[in-house]
Amino acid sequence: MSHTGPFPERLVEFWMGKAVEWGQALTPATRHDVALHLGQLRAFLGRLLLELRVAGSTQEVMRAAPFVGQFLGRLCWNSFVTADKESRGCLLQCLHSMYSVQPQGSLELKANQWIQNVLCHLLTEDSGTVQTVLKHVGWTLRDYHSELLRDMVALLVNDVRKASCSEIHTRGVCSCDRIHGLSVSCTLLVTCPEAAPLIGALLECPSVCPKAAPSEAFLHAVNEALLSQRLVLEEQAVVALWTRSLVSLERATLQLLELVLSDPQPPMQELEEQVTGSLLPRASALSCPLFLVVSDIFRAALRGASGSRALRSLLQAFTRCFLQAWGQVEPQDRLPLTAFFPSTPVSVLMALVQRPADLPEDAWPAHLLWIGRCLQMPRGHNEAADARWRCGPFDRWLLLVQNGHWVDVACQLLVTSDPQVSAPLVWLLMFYHHPDDNEHKRTQALAVAEAALFHLRALFCSACPPPPPRQQEHVQVLGGLLTAHSQHPSTAGLLLRLSVSFCAFSSGPVSAAVELLDVMKVHSEFVHDAITLLTGFECGLSGGEANPRLRRIQDILRCVRVGTNSGVPQGLSVEAAHSSDVSALVTDAKQSAIAFTTGGPRDVSLPNALFSSYTPFLAGNG
105 MSHTGPFPER
115 LVEFWMGKAV
125 EWGQALTPAT
135 RHDVALHLGQ
145 LRAFLGRLLL
155 ELRVAGSTQE
165 VMRAAPFVGQ
175 FLGRLCWNSF
185 VTADKESRGC
195 LLQCLHSMYS
205 VQPQGSLELK
215 ANQWIQNVLC
225 HLLTEDSGTV
235 QTVLKHVGWT
245 LRDYHSELLR
255 DMVALLVNDV
265 RKASCSEIHT
275 RGVCSCDRIH
285 GLSVSCTLLV
295 TCPEAAPLIG
305 ALLECPSVCP
315 KAAPSEAFLH
325 AVNEALLSQR
335 LVLEEQAVVA
345 LWTRSLVSLE
355 RATLQLLELV
365 LSDPQPPMQE
375 LEEQVTGSLL
385 PRASALSCPL
395 FLVVSDIFRA
405 ALRGASGSRA
415 LRSLLQAFTR
425 CFLQAWGQVE
435 PQDRLPLTAF
445 FPSTPVSVLM
455 ALVQRPADLP
465 EDAWPAHLLW
475 IGRCLQMPRG
485 HNEAADARWR
495 CGPFDRWLLL
505 VQNGHWVDVA
515 CQLLVTSDPQ
525 VSAPLVWLLM
535 FYHHPDDNEH
545 KRTQALAVAE
555 AALFHLRALF
565 CSACPPPPPR
575 QQEHVQVLGG
585 LLTAHSQHPS
595 TAGLLLRLSV
605 SFCAFSSGPV
615 SAAVELLDVM
625 KVHSEFVHDA
635 ITLLTGFECG
645 LSGGEANPRL
655 RRIQDILRCV
665 RVGTNSGVPQ
675 GLSVEAAHSS
685 DVSALVTDAK
695 QSAIAFTTGG
705 PRDVSLPNAL
715 FSSYTPFLAG
725 NG
């Protein structure tokens, strides 16, 4: 092979002469000559690219055809050539083919450095000559640089998608080495919007061998940019990221937990916007393993934080967003819901996930009665004998929390139904607020609830409203119950829910509601939680229609809140008010989740427990 490689010497001499003659295309005559020869130049560059791709190494290319470096360099400095999209694409592909992922020797190291300098020149050049050329072809300098960067990214994306272990160079280097090396190079570019297609391609590239795996530093940088909303990726790329790196998935879930627990509890609509913005529901709908991991982290957090109202609201919002996202997945691409809730009988699952708005209101009582019977464990029942369930009472309670809309329905029906048939509804509300399997505590809570119901019905459901003195007596008893159990969050939450439900859903006198709500002002956390409950009722049961009674009760509560002077910081829930502060609740929940995912209460690191449980499933569904 001559010093011109596989090309005729006269052909090489012609094009080298042209490259020297054109220089930087400063004169009109030179530009005219470039324009005349662009088609032939592109054809020659195409032939050169084919030879570069079949070459064993850059070192071999430089030995066989030393003119290549000088020829490409001169053309890259010619703005009239690089302004042509096809010619520019050929030049970028030639440079890319000459780049060595694992340079062997000083020659390839120098070649890599030279290629990097050429690319930097192309992306940053802003001389007067360049601007004159671009003006001639109708481009701005910014358009030119953006187009050039997009071309580079498109070239690399195409290279990533074609990479496979079947492409072996003559020196035995797997093409997958380029994937890993490229991920290392892209670590600093994760916040560059133009690089998003390349980042997505790297994440979605099948890991057919260990060499093709993106670097851990790259995965970490991508996840941090994604969580800080400095990077936007396609849904499949997000799923691929969290499937490859469960540490990143854990980080995203813990950030959502911290976001919800660190701020005053927002309305359900705002909470759902935060949950949707985290991308976790959509990714979970597309990947069952991701849903199982996220659900288990929430489950561990709920155990550690004693079922706080903020966490329950978060779990309910996440489940609602997940079900909505799951319904939007194409039927042929989605798994059945039973795959996401493997421990739940399908009949119970479908009854709970069904929205109240999808059933006629006269079917609600029977529907709730059936749900309550399914969730209730008879005394002395042998759980192993129930073949339908594969979980304990806590997980049944968790399922009810995930579908808390039926708890709101139970509140409404408890007010409007006959007291003789209200026992299953009371049990469902008690179970929601008392997930522990302590029979003594449940019996006590049930007795307190029955006492509160007696006075609430006397206030709001009597055929003849009680006279003012009797009304005040009932209100004082109810206020006394709330105060007496204010140090017991579960019972206080149950009493508050019952009181707010009768105020909102009964047709009783508003004056009774005013008096009852007024006694709450000594506990500002009760007032805030009551407003939150009313907002949830309005969103979940009104079907988007205005409910004058609900709105009026909300206005009364806001007036009551203005007059509160409790020392408890405004905005805390009943449960949070009994923690030293909100940060303590955040820490408890996070540590519980971290302990679950890592096997112990330590800093967030590789979640061994999750990997051992879910890696086989992830590998089979990646």
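Numbering-wise (this note's numbering), the sequence shown opens with residue 105 and increments by one.
All residues carry an ideal CB built from backbone N, CA and C; glycine is no exception.
These numbers were taken from a predicted model, which means no experiment stands behind them.
Problem set entry | Residues of its chain near Leu213, where Cβ-Cβ distance is below 7 Å and the 5 sequence neighbours each way are ignored | Closer than 7 Å at the Cβ level, and outside the excluded window around Leu213, lie Pro207.
For this session: For my contact list, Leu600 and Asp633 are in at a C-beta cut-off of 8 Å; report their separation, rounded to the angstrom.
Result: Rounded, the Cβ-Cβ distance is 6 Å, consistent with contact.
Exercise. On the three-state DSSP scale, how would you describe Gln524?
Worked result: DSSP places Gln524 in helix when its eight states are reduced to three.
For this session: For Leu149, count neighbouring C-beta atoms within 10 Å of its own C-beta (all shown protein chains included) and say buried if the count is 16 or more, exposed if not.
Result: Buried.
Problem set entry | CB contact below 7 Å: Leu253 versus chain C | This model lacks chain C altogether, as it is built from one protein chain only.
Problem set entry | Alpha carbon of Glu190 to alpha carbon of Arg146, nearest angstrom | When only Cα atoms are considered, Glu190 and Arg146 end up about 7 Å apart.
Exercise. Cys663: buried (16+ other C-beta within 10 angstroms of its C-beta) or exposed?
Worked result: Around the C-beta of Cys663, fewer than 16 other C-beta atoms lie within 10 Å, and the residue is accordingly described as exposed.
For this session: Tell me, to the nearest whole angstrom, how far the beta carbon of Phe175 is from that of Ala123; I am working on the premise that it is less than 8 Å.
Result: Yes, they are in contact, since the Cβ atoms of Phe175 and Ala123 sit about 6 Å apart, within 8 Å.
Problem set entry | Whole-angstrom C-beta distance between Ala321 and Thr291, which should lie under 8 Å | The Cβ separation is near 5 Å, so the contact holds.
Exercise. Alpha carbon to alpha carbon, how far is Asn221 from Trp346?
Worked result: Distance between the alpha carbons of Asn221 and Trp346 is about 35 Å.
Exercise. With 16 other CB atoms within 10 Å as the buried threshold, where does Asn507 fall?
Worked result: Asn507 is classed as buried because its beta carbon has at least 16 other beta carbons within 10 Å across all chains shown.
For this session: Ignoring anything shorter than 4 residues or poking outside the region 558–623, list the alpha helix (DSSP H) runs there in chain order.
Result: Residue ranges of uninterrupted alpha helix (DSSP H) with 4 or more members, entirely inside the region 558–623 and ordered along the chain, are 572–588, 593–609, 614–622.
Problem set entry | Through-space distance from Phe641 to Arg546, alpha-carbon basis | C-alpha of Arg546 to C-alpha of Phe641: approximately 25 Å in a straight line.
Exercise. Helix, strand or coil: how does DSSP classify Asn262 here?
Worked result: Secondary structure of Asn262 (DSSP, three-state): helix.
Exercise. For the candidate residues Pro110, Gly193, Gly209, His141, whose alpha-carbon lies nearest to that of Pro170?
Worked result: Checking every option, the nearest Cα to that of Pro170 belongs to Pro110.
For this session: Out of Ala467, Leu156, Leu142, point me to the one whose CA is closest to Trp119's CA.
Result: Of the residues Ala467, Leu156, Leu142, the one whose Cα lies closest to the Cα of Trp119 is Leu142.
Problem set entry | Member of Pro371, Leu390, Leu307 whose CA lies at the smallest distance from the CA of Glu434 | That would be Leu390, whose Cα lies nearest to the Cα of Glu434.
For this session: Taking Pro613 and Arg561 to be in contact with their CB atoms under 8 Å, please state how far apart those CB atoms are, rounded to whole angstroms.
Result: Their Cβ separation, rounded to whole angstroms, is 13 Å, which puts Pro613 and Arg561 out of contact at 8 Å.
Exercise. Is it a yes or a no for the region 386–402 touching the region 435–446, going by three-plus beta-carbon pairs under 8 Å?
Worked result: Counting Cβ pairs under 8 Å, three or more are found: they touch.
Exercise. With 16 other CB atoms within 10 Å as the buried threshold, where does Gln436 fall?
Worked result: Burial is judged here by how many other beta carbons sit within 10 angstroms of a residue's own beta carbon; Gln436 has fewer than 16 and is exposed.
For this session: Just the C-alpha distance for Gln340 and Pro318, rounded to the nearest angstrom, thanks.
Result: C-alpha separation (whole angstroms): 16 Å.
For this session: Mark Thr131 as exposed unless 16 or more other C-beta atoms lie within 10 angstroms of its C-beta, in which case mark it buried.
Result: Exposed is the call here.
For this session: Would you mind stating whether Leu557 and Met534 have Cβ atoms separated by less than 7 Å?
Result: When the beta-carbon positions are compared, Leu557 and Met534 stay at least 7 Å from each other.
Exercise. At what residues does the alpha helix (DSSP H) containing Ala325 begin and finish?
Worked result: Membership of Ala325 in the alpha helix (DSSP H) is indicated by the continuous run 320–331.
Problem set entry | Supposed contact pair Leu529 and Cys514 - C-beta distance, whole angstroms, cut 8 Å | According to the sequence provided, residue 514 is Ala. The question's Cys does not apply to it. The pair is a contact, with the Cβ atoms about 5 Å apart (cut-off 8 Å).
Exercise. What's the gap between the Cα of Ala300 and the Cα of Ala133?
Worked result: Going from the Cα of Ala300 to the Cα of Ala133 covers about 41 Å.
For this session: Could you have a look at Trp181 and say whether DSSP puts it in helix, strand or coil?
Result: Coil at Trp181, not helix or strand.
For this session: Enumerate, from N- to C-terminal direction, the unbroken alpha helix (DSSP H) stretches of 4 or more residues contained entirely within the region 148–222.
Result: If we require 4 residues or more, the alpha helix (DSSP H) runs fully inside the region 148–222 come out as 162–168, 171–180, 183–186, 189–202.
For this session: Would you grab the beta carbon distance between Leu353 and Val364 for me? Rounded to a whole angstrom, and I think it's under 8 Å.
Result: Rounded, the Cβ-Cβ distance is 17 Å, inconsistent with contact.
For this session: Look at the Cβ atom of Gly476, then the Cβ atom of Leu517, and state whether they are nearer than 7 Å.
Result: Not closer than 7 Å, so no.
Problem set entry | Residues of its chain near Gln359, where Cβ-Cβ distance is below 7 Å and the 5 sequence neighbours each way are ignored | Excluding sequence neighbours, Gln359 sits near Leu331.
Exercise. Secondary structure at Thr291, three-state DSSP: helix, strand or coil?
Worked result: If DSSP states are grouped into helix, strand and coil, Thr291 belongs with the helices.
Problem set entry | Cβ shell of His578 (< 6 Å), same chain only, five flanking positions each side left out | If we look at His578 and ignore the five residues flanking it on each side, its Cβ neighbours are His559, Ala562, Leu563.
For this session: Put Val124 into one of helix, strand or coil per three-state DSSP.
Result: Val124 falls in the helix class under three-state DSSP.
For this session: Give every residue of the same chain whose Cβ lies closer than 6 Å to the Cβ of Leu586, excluding the five residues on either side of it in the sequence, and list them in chain order.
Result: So the list reads Leu599, once near-sequence residues are dropped.
Exercise. Does DSSP classify Pro382 as helix, strand or coil?
Worked result: The sequence given here places Ser at residue 382; Pro does not occur at that position. Looking at Ser382 - three-state DSSP - the assignment turns out to be coil, as it is neither helix nor strand.
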